[in-house]
Each structure stands twice: as C-alpha cells, then as structure tokens.
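The opening position of the sequence shown corresponds to residue 0 in numbering that gives the first Met the number 0, with each subsequent residue numbered one higher. Let me begin by presenting the structure, written as structure tokens, before commenting on it.
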Amino acid sequence: MVTRPAFTDDDRAQLVLVGSVAIAFIILSLVVVFNTVLFTNNLAARGAVEEVEDASEFQQQVDRELPELVKHVENGTDSNDKVVENVDENVTVYGDLLAESYADTSPQYVDVRFNKSSTVNGTRVVQEDGGTFVSADSDTDWHPVEDSDPRNVSDFIINVDTGPDYSSAVSYFNITLRSEGGSEQDITLEMYTTGSNELVLNQYQGNTLEKSCTESDPSGVVSVNVTNGSINGDGCTFDSMEQLTAPYSVSYDDSDKIEGNYSFIVNGTDYDGRSDYNTRNGDDPYANVILLEAGVDLDFESRSVTYESNQTVTVREGPQ
Numbered sequence: 000m001v002t003r004p005a006f007t008d009d010d011r012a013q014l015v016l017v018g019s020v021a022i023a024f025i026i027l028s029l030v031v032v033f034n035t036v037l038f039t040n041n042l043a044a045r046g047a048v049e050e051v052e053d054a055s056e057f058q059q060q061v062d063r064e065l066p067e068l069v070k071h072v073e074n075g076t077d078s079n080d081k082v083v084e085n086v087d088e089n090v091t092v093y094g095d096l097l098a099e100s101y102a103d104t105s106p107q108y109v110d111v112r113f114n115k116s117s118t119v120n121g122t123r124v125v126q127e128d129g130g131t132f133v134s135a136d137s138d139t140d141w142h143p144v145e146d147s148d149p150r151n152v153s154d155f156i157i158n159v160d161t162g163p164d165y166s167s168a169v170s171y172f173n174i175t176l177r178s179e180g181g182s183e184q185d186i187t188l189e190m191y192t193t194g195s196n197e198l199v200l201n202q203y204q205g206n207t208l209e210k211s212c213t214e215s216d217p218s219g220v221v222s223v224n225v226t227n228g229s230i231n232g233d234g235c236t237f238d239s240m241e242q243l244t245a246p247y248s249v250s251y252d253d254s255d256k257i258e259g260n261y262s263f264i265v266n267g268t269d270y271d272g273r274s275d276y277n278t279r280n281g282d283d284p285y286a287n288v289i290l291l292e293a294g295v296d297l298d299f300e301s302r303s304v305t306y307e308s309n310q311t312v313t314v315r316e317g318p319q
C-alpha cells in the first residue's frame, strides 16, 4: 500500500498560486472576448451612422446643384413647350453622372429622377431692350397682368432710363396695382423722368397722393422695386404690392412715356398665348416659362442604408 504524502504549507501555497493564475487567464480571456464584441458592434454602428450622413449629404448636394442646372437649361431653351422636357433630360444625365461619381469612390448607389407632377411652374415676363413699355402689339394702355386672369406676382423690378425728358408730357406713365383678392383701394404709381438723370415717382392710394419721391443715380438708371415699394434699394419707399392682397392685376397707361427695362414673375403659365407678349424669340416684351420648384425622386443605397425620397427643390423664390 502506497501512502500519499501529506501536503505541506509550501505545497498548499503553490496550489493556490496555480489556481489564481488559471482564474486570471479565464477572466482575461472573457474580458478580451467581451471587448472584441463591443469593438465590433461599435464599428458596425459607426459605419451605419456614417452612411446615414452620406445619404443626407447626397440630398443636400442635389439641393445645392439642381437650381443652377435648371436655370442653365431654361436659358438655353428656345421654346416654352420644351422647357420641362429639356429639364427632365438634363436631370437624367445629371443623375447618371452623380451615380458614376459615387460608385467610383464608395460602394454606394444613387439615383436622381425628375418628377413632373410635383414640379411648380411659373412665368417670367421680361423687357430688356431699353425701349418704351408698350406691349408686343404696340398698345400703350394695356394689362401686363389681366384682371380677368389675376396672378400672384413677385420680383417686379423696373430699371428706368433717366436720360429722356418726359416732364412736360400732358400725362405720365403710370402703373395701377389692383388687389383681386381683397378690398383695398388700388395703388397707382405715376413716373416720369426729367432729362437730368432724375426719376419722379408719385404714389396714389385711390385718388389721394400718398408719397412723392425724386431719385437720381450717376449711372443714369434708377431701379424701382414694385414688389416691396423701394427705389435704389435703400432710397425712397412707398406703398406698393405688399400692401395689397394677392392675387393682383397690373395695368400700364401711357407706357410710351417711359424707357428702360422691367421684369416680374407670376405663378402659372399660359402667357405665351397672349398677344401682349413674345415668346423666347428675342423680341420684347417676352414671357418665358420657368420652374419655381423642381420635383425630384431620390434614391440612395449602401451596405446598411436604403433611402428613398420625393422632394421639391426650390429653384427660385417666387409666387405660388
């Protein structure tokens, strides 16, 4: 019979040390595994967050770049009937180029498509030949915005050539602004130039003279903002469209007694059917179809994010 030797105090100490080391290795292994899981999960979460940010940046990029693309297409189109079609074609090309750009730098797919149904059109009326303000068929008394078809109007700017002298005329050029949506009295703006680089503007509410302004500019051109009622930006101010309830009608009287340029924007289209205006043929005044808001469908796909959106991109501020 073999007798097992009794444990000494040194033997017990060695066993305790070995056990402690083993437990330490087990704990260390668990910590490493646990930390690895945490690290992996954090990497995955961070990747998803970055891809969400990429989707947001894609949307913002389209918001930044699309307005200039649309304006470029408008300026290069010679027919109102083709404006929307040409914008559609160019947005498709833009979307293809954007998709190639994203695919070259990352495993991401993007797509931009024009959405005609959510696009908001308007019309810009322009005279830029520096002549008198008669209509396309040479009427001196006419309605740039008819009372039978009132519109919301914005960005109404008149740049008056102050060189000619109309101060001795029997009657002066005047604009009548009428609210077709409210009960306010008409506002009439009477204007004439003195031949010494001065513009005189008298503002009437009904038949009452409310404000008289005399402005000049060394350039020989005085700018009148009919929308907000100001001259040369921070010059003389007067009541105008902002004091009336939309929609409006606008009439010109004695429009052969003023010279310069003007432009304004109205909501909607169909101005190209009026004899008062030309349409993109180089003669003034003309009426061009424009986009106020461009509807687009956006797609963004990455490893962890799928984003789809239909949105309207503001091309220019204008009447809705």
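The beta-carbon is built from N, C-alpha and C at its ideal position, and this holds for glycine as well.
#1: Given a cut-off of 8 Å on the beta-carbon distance, is the pair S211 and N201 in contact?
#2: So, D296 versus N114, is the Cβ gap smaller than 8 Å?
#3: Just list the residues that DSSP pairs D296 with in beta bridges.
#4: What's the C-alpha gap between V169 and D128?
#5: Below 8 Å, can you find three or more Cβ-Cβ pairs linking the segment 139-158 to the segment 251-259?
#6: Count the CB pairs spanning the segment 144-152 and the segment 256-266 that are closer than 8 Å, and state whether there are at least three.
#7: What is the rounded straight-line gap between the Cα of T311 and the Cα of T118?
#8: What's the gap between the Cα of Q58 and the Cα of D271?
#9: Given Y93, which residues of its chain have a CB within under 8 Å of its CB, disregarding the five upstream and five downstream residues?
#10: Tell me where the alpha helix (DSSP H) around G94 begins and ends.
#11: DSSP state of L27, grouped into three classes?
#12: Can you give the beta carbon distance from G234 to G194, rounded, assuming they're within the 8 Å contact cut?
#13: What residues are listed by DSSP as bridge partners for K210?
#14: Tell me the residue span of the beta strand (DSSP E) that contains P143.
#15: Distance, Cα to Cα, T35 vs E292?
#16: For M190, report the span of its beta strand (DSSP E) as first-last.
#17: My assumption, with CB atoms under 8 Å, is that V144 sits in contact with Y247. Please give the rounded CB distance.
#18: What residues in its chain sit with their C-beta under 7 Å from that of D103, if we drop five residues either side in the sequence?
#19: Got a sec: does the ligand PLP put a non-hydrogen atom nearer than 7 Å to the Cβ of T244?
In short, the structure shows the following:
#1: The residue labelled residue 211 in the question sits at position 212 within the sequence shown. The residue labelled residue 201 in the question sits at position 202 within the sequence shown. In contact: S211 and N201 (Cβ atoms closer than 8 Å).
#2: Mapped onto the sequence shown, residue 296 falls at position 297. Mapped onto the sequence shown, residue 114 falls at position 115. Closer than 8 Å, so yes.
#3: Residue 296 sits at position 297 when you count from the first residue of the sequence shown. For D296, which the question treats as bridged, DSSP gives the partners R112, N309.
#4: Taking the first residue of the sequence shown as 1, we reach residue 169 at position 170. Taking the first residue of the sequence shown as 1, we reach residue 128 at position 129. So the two alpha carbons sit approximately 25 Å from each other.
#5: yes
#6: These segments touch.
#7: Taking the first residue of the sequence shown as position 1, residue 311 is located at position 312. Taking the first residue of the sequence shown as position 1, residue 118 is located at position 119. So the two alpha carbons sit approximately 7 Å from each other.
#8: Taking the first residue of the sequence shown as position 1, residue 58 is located at position 59. Taking the first residue of the sequence shown as position 1, residue 271 is located at position 272. Each residue's alpha carbon lies about 34 Å from the other.
#9: In the sequence shown, counting from the first residue as 1, residue 93 sits at position 94. Result list for Y93: E64, L65, L68, V111, in chain order.
#10: Numbered from its first residue, the sequence shown carries residue 94 at position 95. Element bounds for G94: 82-104.
#11: Translated into the one-based positions of the sequence shown, residue 27 becomes position 28. Any answer about L27 is weak, because its pLDDT of 37 lies below 50 and its placement is not dependable; what the coordinates show is given next. DSSP places L27 within a helical segment (H, G or I) once states are collapsed to three.
#12: As a position in the sequence shown, residue 234 is number 235, starting the count at 1. As a position in the sequence shown, residue 194 is number 195, starting the count at 1. Not a contact, Cβ separation roughly 20 Å.
#13: Indexing the sequence shown from 1 puts residue 210 at position 211. Answer is Q202.
#14: Locating residue 143 in the sequence shown gives position 144, counting from the first residue. Element bounds for P143: 141-144.
#15: One-based indexing of the sequence shown puts residue 35 at position 36. One-based indexing of the sequence shown puts residue 292 at position 293. At T35, the pLDDT of 34 sits below 50, so the modelled position is not reliable; the number obtained from the coordinates is stated separately. In a straight line, the C-alpha of T35 is about 50 Å away from that of E292.
#16: Translated into positions along the sequence shown, residue 190 becomes position 191. Run containing M190: 186-192, per the beta strand (DSSP E) assignment.
#17: Counting from one through the sequence shown, the residue named residue 144 turns up at place 145. Counting from one through the sequence shown, the residue named residue 247 turns up at place 248. Yes, V144 and Y247 are in contact; Cβ-Cβ is about 6 Å, under 8 Å.
#18: On the sequence shown, position 104 is the one that residue 103 refers to. Within the same chain, D103 has no close Cβ partners at all.
#19: This structure lacks the ligand PLP, and indeed carries no ligand of any kind.
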